[in-house]
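Going down the list, the sequences are from chains A and B. Position 43, counted from 1, in the first sequence is what the UniProt record's numbering calls 43; the numbers after and before it change by one each time, with no gaps. Position 232, counted from 1, in the second sequence is what the UniProt record's numbering calls 232; the numbers after and before it change by one each time, with no gaps.
Protein chains: 2
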Amino acid sequence: MFRQLFDDATSTFTYLIADEQTGSALLIDPVHEQFDRDRLVLEELGLTLKYVLETHVHADHITGGGRLRHELGAEFIVGAGTGLTCADRLIADGETLSMDGITIQAFATPGHTDGCTSYLWQDRLFTGDTILINACGRTDFQQGSAENLYRSIHRLLALPDETLIYPGHDYNGHRVSCVGQEKAINPYVAGIDQPAFVAKMAALNLPKPRRIDVAVPANSLCGGADVARGEGETETAPAKAS
Amino acid sequence: MFRQLFDDATSTFTYLIADEQTGSALLIDPVHEQFDRDRLVLEELGLTLKYVLETHVHADHITGGGRLRHELGAEFIVGAGTGLTCADRLIADGETLSMDGITIQAFATPGHTDGCTSYLWQDRLFTGDTILINACGRTDFQQGSAENLYRSIHRLLALPDETLIYPGHDYNGHRVSCVGQEKAINPYVAGIDQPAFVAKMAALNLPKPRRIDVAVPANSLCGGADVARGEGETETAPAKAS
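Structure below.
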C-alpha cells in the first residue's frame, strides 16, 4: 500500500508505505503540522505506524517524527551521516529496513546535507532533496557540497531507467518522475558534467530558507527538544519554536 | 517485471510486463520497426511473449503486433470498440486479461479514436493517447470525439492520485506521471470543463499525421495484410506499406 501526501505550506511530500497483510506502516518525511492528517490516514486505512524515516535534517519544515514517535510509538530512523543521537536507528549506506513483507534499502546520498539518505522500495526511490523533478537540492548550507551532490545524483541515476523517483518537494505540481526522465531532461543532469554542475550550483545565489533557524535545531533533536529528552509534550515544542 | 521502451522515430512508448516466476510476458503498443529490439529484450530477460495489447488503431506508426504474433506466437488483443476481426481477442470495458500472476484490467476510453482502450496493471495505468503527460490525444480523425475524450479522461482521473500514468507517446522527454499530477497541471484537465475542452480541441488545427494513410490501414489489419490473412511473411507487408 502506498500513499503520497503533500503539505501545501512547505511543498513537502510525505510518503506512506504499508504492508496490507499485517497493517504495519512507515512514513517517510512527515511534517509536524500534518500530524492530524497523518494519524487520520493511518486510522482510516487500519494501519499501525512502526517507523518514521527521514531523508535528512530538513531546513524548511519541522519533522512530524517527534510527535509520531511519542504518541504513536514509531521508531525514528535517519541516515548515519546525520549522527543524530536522538534517533532510534542510524541507517548506513547499503543497510536495509525490514518491516513484515517490505524491504527498504538505504543509499547514503550526501550533498544537499552531509547526512542525506535516499530510500529504495521495490522500484520506487525516495530521493528527499537529492534529486527533485527537473531540479536538485541546494548545497549552500548544512555542510552542503556540490561535488558530493553530483556524485550522489549520478549514483542514484545508475539505477534502471524505470526506477520511479519520488522527491521530497515539488514547487510546480509535479509528483513523480523516473531515472530515465531525469537523465534526459533534468537541467542539473542532462549534459552537465561535474565542473559545470559545481559552477551552476555556486551561481544560484538563493535566499536563506525562511524556517532554517527553527527547523534545523528542532530536526537535529528528532522533532523537538522535549521529545529528545523523552520528557513529553511534543506538540508544544515545535509549535513554540515556529 | 516492467520495462519502458521508446521508439525515437515516432516518440512511441512500448511497455513490457512479465511474470518473473514463469517468464510469461506481454507487450503494450509495440512498434513494427522495433521488432528486433523487442525480441532481443525478451531473449535477454528469458521471457516468452504471450500477448500483444494495443491501446488503439494507431495513426502514427505500424504496430509490431503483426510480426510478434506471427513469429513469436503472441496473441493480439485490442479494445472491443475497434471491431477488428483480425484480433485474437477483443477486450471490452471492465474485462480482464490474466497471465499467470498478472492481471490487466481494460478501460474502454473512446475519444482519441472510438476504439481506444486503457489498461490498468496494479497501480500503473497505460493510457495510450487518451492521457498524455501534460496533454492528451487529438480528436480530429478516426472517429475522434472531444466530448467522448473528456469523459474518458475524467473517468481515468477518478482513479487514486498515486496511480501512475504511462502514456503512449511523449515528445518532450517525460516518461511517467500520475493521476494527481495530471489533475493538478495538465492544461487539458486543470480548470477545464467539458465545453472549454471541446473548444480547445476544436481550435488545435493540427497537421495531418505523416503516416496515417499507411498506418491506419495496416493497423486495422492487426499489423499487416499478410498477417491478417495468415499467409505469412509479416516482415515484408508493413515494410512495403511504409
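C-beta atoms are modelled at their ideal positions from N, C-alpha and C, and glycine is treated no differently. These numbers were taken from a predicted model, which means no experiment stands behind them.
- Take A215(B), set aside five residues on each side of it, and the residues of its chain with a beta-carbon closer than 7 angstroms to its own are H58, A59, D60, H61 and I62, in chain order.
- Within chain A, the C-beta atoms nearer than 7 angstroms to that of A184(B) come from G173, in chain order.
- Put simply, the CB of G191(A) is far from chain B, with every gap to its CB atoms at 7 angstroms or more.
- For the segment 151 to 182 of chain A, the residues whose beta carbon sits under 8 angstroms from a beta carbon of chain B are, in order, D161, E162, L164, N172, G173, H174, R175, V176, S177, C178, G180 and Q181.
- By the Cβ rule, the segment 171 to 182 of chain B does not count as touching the segment 20 to 35 of chain B, because fewer than three pairs are nearer than 8 angstroms.
- The Cβ atoms of A80(B) and L90(B) sit closer than 7 angstroms to each other.
- Each of L45(B), T109(B) and T96(B) was checked against the Cα of E147(B), and the nearest Cα belongs to T109(B).
- The beta carbon of Y188(A) sits closer than 7 angstroms to the beta carbons of A135, C136, F197 and K200 from its chain, once the five residues preceding and following it are set aside; these are given in chain order.
- Not one beta carbon of chain B lies nearer than 7 angstroms to the beta carbon of Q21(A).
- By the neighbour-count definition (other C-beta atoms within 10 Å, threshold 16), E43(A) is an exposed residue.
- Here DSSP, grouped into helix, strand and coil, assigns S24(B) to strand.
- Exclusion of the five residues before and after G83(A) leaves L90 and G115 as the residues of its chain whose Cβ lies within less than 8 angstroms of its Cβ.
- Per DSSP, the beta bridge partners of D7(A) are T12(A).
- Around the Cβ of L206(B), a 10 Å sphere holds fewer than 16 other Cβ atoms; the residue is exposed.
- If the five residues before and after I212(B) are omitted, its C-beta is found closer than 8 angstroms to the C-beta atoms of A59, D60 and F141, all from its own chain and listed in chain order.
- The DSSP-derived three-state label of H56(B) is coil.
- Under DSSP, T82(A) forms no beta bridge with any residue.
- Within the same chain, G23, S24 and A25 come within 7 angstroms of T48(B) by CB-CB distance, once the 5 residues on both sides are set aside.
- According to DSSP, residue pairing for C178(B) in a beta bridge involves L164(B).
- Within its own chain, no residue has a Cβ closer than 6 angstroms to the Cβ of R37(B) once the five positions on either side in sequence are excluded.
- Between T127(B) and I102(B), the C-beta gap is not smaller than 7 angstroms, which leaves the two residues out of contact.
- In the three-state scheme derived from DSSP, where H, G and I count as helix and E and B as strand, F2(A) is classed as strand.
- Straight-line spacing of the CA atoms in C222(B) and G66(B) works out to 6 angstroms.
- Under a criterion of Cβ atoms nearer than 9 angstroms, the residues of chain B adjacent to Q4(A) are, in order, D161, E162, C178 and G180.
- Ranked by how close their Cα comes to the Cα of S98(A), the residues L159(A), A202(A), D7(A) and W121(A) have W121(A) in first place.
- Partner residues in the beta bridge of R124(A), as assigned by DSSP, are W121(A) and L164(A).
- Beta-bridge pairing by DSSP links H169(B) to T12(B).
- Ranking D129(A), Q4(A), N172(A) and D100(A) by CA distance to the CA of S152(A) puts D129(A) first.
- When secondary structure is reduced to three states using DSSP, R211(B) falls in the coil class, being assigned neither helix nor strand.
- When the beta-carbon positions are compared, D29(A) and G168(A) come within less than 7 angstroms of each other.
- The straight-line gap separating the alpha-carbon atoms of T139(B) and F76(B) is approximately 25 angstroms.
- Counting of Cβ neighbours within 10 angstroms places H154(B) among the exposed residues, the total staying below 16.
- In the DSSP annotation of this structure, the continuous segment of the beta strand (DSSP E) that includes A108(B) starts and ends at I102 to A108.
- In the DSSP assignment, the residues bridged to M99(B) are I102(B).
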